[in-house]
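A short write-up of the structure that comes next.
Residue numbers (the numbering used here): 2 to 118.
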């Protein structure tokens, strides 16, 4: 089992920056990819960015050039640096991890990001 705990969400003005962190604990050796999803009010959850164990990255078109995902495997932590934030980035951001050679995946509780105009 893997537990994920996010931090870093807060209220920020448009154009500002935030860095989200997600620390994994438990059986972290099974983790392959990690990433971030978000759910805005009244919308479905959507992919923001993912990063594999080999550090290959994937981004939603809406955040390309503004957000950067990274990970520190020694700390079992994934980060999301968010720059030039827009009101439409307002959402609950969820950390995600999946396992090698398994269909198991894990989710954090979410952290609220609010961008004011």
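We put the beta carbon where it would ideally sit given N, CA and C, even for glycine.
Note: residue 24 is bridge-paired with 6 and 78 in the DSSP secondary-structure output. Of the candidates 12, 16 and 107, the residue whose Cα lies closest to the Cα of residue 113 is 12. Per DSSP, the beta bridge partners of residue 92 are 114.
Residue 71: member of the beta strand (DSSP E) spanning 68-73, first to last residue. With 16 or more other Cβ atoms inside 10 Å of its own Cβ, residue 92 counts as buried. Per DSSP, the unbroken beta strand (DSSP E) holding residue 51 starts and ends at 47-52. Counting of Cβ neighbours within 10 angstroms places residue 30 among the exposed residues, the total staying below 16. Beta-bridge partners of residue 13 (DSSP): 116.
Taking a C-beta distance under 8 Å as the contact criterion, residue 77 and residue 25 qualify as a contact pair. For residue 94 against residue 36, the beta-carbon gap comes to about 11 Å, at or over 8 Å, which does not count as contact. Taken through DSSP and simplified to helix, strand or coil, residue 58 comes out as strand.
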